[in-house]
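All remarks here apply to the structure that follows.
Protein chains: 2
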Amino acid sequence: MTGVSGDLTRLSLNQETIKQWSLPELAEGCVKAGVPGVGLWRAPVQEYGVEAAARLIRDAGLAVTSLCRGGFFTAIDPTERAAALADNRAAIDEAATLGTDTLILVSGGLPPGSRDLTAARERIADALAELAPYAADHGVRLAIEPLHPMYASDRCVVSTLAQALDLAERFPADQVGVVVDTYHLWWDDTVAAQIARAGAGGRLASFQLADWITPLPEGVLLGRGQLGDGAVDFRWFREHVDATGFDGPIEVEIFNPALWARDGAEVLAEVAERYRTLVL
Amino acid sequence: MTGVSGDLTRLSLNQETIKQWSLPELAEGCVKAGVPGVGLWRAPVQEYGVEAAARLIRDAGLAVTSLCRGGFFTAIDPTERAAALADNRAAIDEAATLGTDTLILVSGGLPPGSRDLTAARERIADALAELAPYAADHGVRLAIEPLHPMYASDRCVVSTLAQALDLAERFPADQVGVVVDTYHLWWDDTVAAQIARAGAGGRLASFQLADWITPLPEGVLLGRGQLGDGAVDFRWFREHVDATGFDGPIEVEIFNPALWARDGAEVLAEVAERYRTLVL
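Order-wise, the sequence lines are chains D and S.
Residue 4 is where the first sequence starts when you use the numbering used here, and the numbers rise one by one after that.
Residue 4 is where the second sequence starts when you use the numbering used here, and the numbers rise one by one after that.
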């Protein structure tokens with residue numbers, strides 16, 4: 004790689020950022036823009052065909068930096084729990100087929116009627132104990148993503164990097180890591196110390212970027228901002244992550260209908276420009 | 004007090020919970036329901052007249068357990084900053100007139116264009132240094148309320164009880180305390196330890212209840228749940244707060260348009276019933 008694109012050697016585009024693109028459009032768009040990595044989601048990959056998607060991305064010369072997502076480990080009902088574990092084994096298989104070593108986990112919220120966060124977190128640990136060896140056998144590391152506390156009841160009872168590390172550290176570092184996503188963690192004054200802890204323990208499996216903007220939309224799922232539009236100091240995060248020795252991909256994952264309504268190539272050019280000026 | 008109402012000796016109704024009530028309706032409604040305390044807000048009190056409101060509540064035999072709110076200390080612009088300090092002195096005067104010793108602070112978010120949480124938190128400390136002696140001279144304690152991290156950019160950069168205590172502990176305990184509000188803190192696995200820290204230091208100035216329900220509405224301000232409708236374990240919180248020796252008021256503060264659309268007395272009866280069965 005030469006010239007301007009050389010700056011982008013660590014950049015990865017999570018496909019949900021430009022979800023208006025099909026997988027072939029994603030591959031072509033990233034190649035054209037000089038973006039060497041993509042983060043994929045299970046649903047569009049399954050729709051395209053896992054093997055076909057793997058071939059497409061590989062033939063384009065792109066790396067799959069992560070697969071979203073496994074998780075939802077907090078069900079109490081044994082049938083639901085068994086189904087979740089089976090689905091996670093399928094996700095691990097898909098990650099292996101796609102050639103990524105990172106399966107992102109959204110661990111799950113409180114089951115209906117439950118108010119016991121501690122028990123829910125323990126059920127996550129139980130699920131990790133069952134799945135981590137299977138993942139390792141397939142060359143895949145499980146990456147616990149702490150989600151913003153506003154998702155604690157319905158999506159993920161793991162709300163801080165400290166909690167994610169408390170869980171991950173019960174397992175070998177090559178089997179269970181953590182995700183640092185700026186959108187979820189930017190507000191936390193302990194995050195620098197926890198990033199250092201993650202790095203020191205070899206737990207830093209994925210580094211993802213999105214900006215924090217307000218007002219939040221109803222349901223608070225699709226309100227992430229383009230880099231630079233909000234409150235996050237990206238360079239601060241990148242410097243703290245890099246200071247641990249991490250030199251892996253930096254994945255941009257934004258869920259925002261305003262970006263989905265635009266021309267994909269234009270959005271990716273904007274992402275790359277913001278990345279150069281605000282992250283590097 | 005006798006019989007069933009005796010259970011309610013610590014209950015306080017924050018007026019925003021039943022904002023369809025005028026101040027006289029609030030006073031009458033609380034007396035009828037055997038609820039001995041009210042939490043007030045500056046705007047409706049100013050509209051009614053501060054002296055008149057103080058007389059009304061006092062004559063009804065009710066205690067004012069808190070006044071909402073001071074704060075918004077994070078402006079960088081000197082003129083804005085001076086205006087905020089002047090407004091906070093006025094809030095302290097109003098609290099003193101109303102006979103409450105607790106002024107709740109919503110400390111402020113990031114100023115436009117700023118991404119520096121640390122500096123914003125330092126400006127809060129600077130403002131507290133100016134205001135705390137003035138408040139103490141008026142028999143009022145400033146109560147730092149950590150707000151849920153989803154408000155960190157636009158309302159309050161103090162997101163955890165630990166952060167609130169880090170700020171409060173720079174000042175005498177009788178001048179600056181903290182608020183434990185279940186809505187903001189329920190997700191945090193360090194909250195039990197921080198409640199104990201607050202109690203040990205004599206910092207627990209206010210204990211407020213609301214439930215966490217989803218989906219969150221646009222803007223995420225008016226989505227608090229009636230006690231029991233959501234994810235919060237209220238008895239757990241009350242037991243941890245009481246274990247510190249705290250025996251002050253327990254204030255219910257819910258912002259929810261569905262409650263505002265109902266008959267006020269019916270809502271208050273429901274609050275009291277949920278309080279008896281879920282909190283005590």
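Heads up, the beta-carbon is just placed ideally off N, CA and C, and yes, glycines get one too.
Every value quoted in this text rests on a predicted model; they were computed, and no experiment measured them.
Nearest-angstrom beta carbon gap, Leu26 of chain D and Leu296 of chain D [assumed within contact, 8 Å]: Residue numbering for chain D in the displayed model covers 4 to 283; residue 296 of chain D lies beyond these limits and cannot be assessed.
Residues bridged to Ser209 of chain D [DSSP beta-bridge criterion]: Ser209 of chain D is bridged to D:Val182.
Span of the beta strand (DSSP E), counted from its first residue to its last, around Val67 of chain S: Val67 of chain S -> beta strand (DSSP E) spans Ala66 to Gly74.
Paired residues, beta bridge with Trp44 of chain S - DSSP: S:Cys71
Exposed unless 16 or more other CB atoms sit within 10 angstroms - verdict on Asp129 of chain D: exposed
Where Ala46 of chain D falls, given that 16 or more other Cβ within 10 Å makes a residue buried: exposed
Range of the contiguous alpha helix (DSSP H) that encloses Ile21 of chain D: That residue, Ile21 of chain D, is in no alpha helix (DSSP H); it is neither H nor E in DSSP.
Proximity of Gln166 of chain D and Pro152 of chain D at Cβ, strictly below 8 Å: no
Chain D contacts made by the stretch 204-219 of chain S, where a contact means CB separation under 9 Å: Trp215, Ile216, Thr217, Pro218 and Leu219
Min CB distance Val282 of chain S to chain D below 8 Å: no
is_contact[Ala46 of chain D, chain S] using C-beta, thresh 8 Å: With respect to chain S, the C-beta atom of Ala46 of chain D has no partner C-beta closer than 8 Å.
Residue interval of the beta strand (DSSP E) (run including Leu145 of chain S): Arg144 to Ile147
Test item: CB-CB of Glu254 of chain D and Ser110 of chain D under 8 Å: no
Cβ-based neighbour list, Gly226 of chain D, same chain, cut-off 6 Å, excluding 5 preceding and 5 following: Leu219 and Pro220
Cβ-Cβ separation, Ala36 of chain D to Leu284 of chain D (assumed contact under 8 Å), whole Å: Residue 284 of chain D lies beyond the range of chain D shown here (4 to 283); nothing can be said about it.
Thr121 of chain S: first and last residue of the uninterrupted alpha helix (DSSP H) it sits in: Leu120 to Asp140
Contacting residues, own chain, Cβ-Cβ under 7 Å from Arg126 of chain S (five flanking each side not counted): For Arg126 of chain S, same chain residues with a beta-carbon under 7 Å away, outside a window of 5 residues either side, are Phe76 and Thr77 in chain order.
Ile253 of chain S in three-state terms, based on DSSP: strand
Selected residue, minimal CA-CA separation from Thr217 of chain S, among D:Val223, D:Leu212, D:Ala213 and D:Ile216: D:Val223
CA nearest to the CA of Leu106 of chain D, picked from D:Ile257, D:Ala201 and D:Gln178: D:Gln178
Gln166 of chain S at chain D interface by Cβ criterion, 8 Å: Yes, Gln166 of chain S lies at the interface with chain D (some Cβ there is under 8 Å from its Cβ).
Secondary structure of Arg111 of chain D, DSSP reduced to three states: For the sequence presented, residue 111 of chain D should be read as Gly rather than Arg. Reduced to three states, the DSSP call for Gly111 of chain D is strand.
Sequence-distant residues of the same chain with beta carbon closer than 6 Å to Ala234 of chain S, five excluded per side: Trp215
Three-state class that DSSP yields for Leu225 of chain D in the structure shown: In the structure shown, Leu225 of chain D sits in coil (DSSP, three-state: anything other than H, G, I, E or B).
Interface partners of Ser162 of chain S on chain D, CB under 9 Å: Pro152, Trp190, Asp191 and Asp192
Members of the stretch 50-78 of chain D that neighbour chain S once the beta carbon cut-off is set at 7 Å: Under the 7 Å Cβ criterion, the stretch 50-78 of chain D contributes no residue.
Element boundaries [alpha helix (DSSP H), containing Glu276 of chain S]: Gly267 to Arg277
Sub-8 Å separation of Val274 of chain S and Arg238 of chain S beta-carbons: no
Assigned secondary structure, Thr5 of chain S (DSSP; H/G/I helix, E/B strand, else coil): For Thr5 of chain S, the predicted model reports a pLDDT of 40, less than 50, meaning its position is unreliable; a value from the coordinates is still stated below. Three-state DSSP puts Thr5 of chain S in coil, outside helix and strand.
Assumed close pair Ser156 of chain D, Leu113 of chain D - CB separation to whole angstroms, cut-off 8 Å: 5 Å
Spatial distance of Ala57 of chain S from Leu101 of chain S (CA atoms): 5 Å
Simplified DSSP state of Trp215 of chain D, which is helix, strand or coil: strand
Straight-line gap, Thr185 of chain S to Val194 of chain S (C-alpha atoms, nearest Å): 10 Å
Chain-ordered neighbours of Arg118 of chain D on chain S, where CB pairs are closer than 7 Å: Ala234, Val235 and Asp236
Boundaries (first-last residue) of the alpha helix (DSSP H) holding His243 of chain D: Phe237 to Ala246
Proximal chain S residues relative to Glu221 of chain D, where beta-carbon distance stays under 8 Å: The contacting residues are Pro218, Leu219, Pro220 and Glu221.
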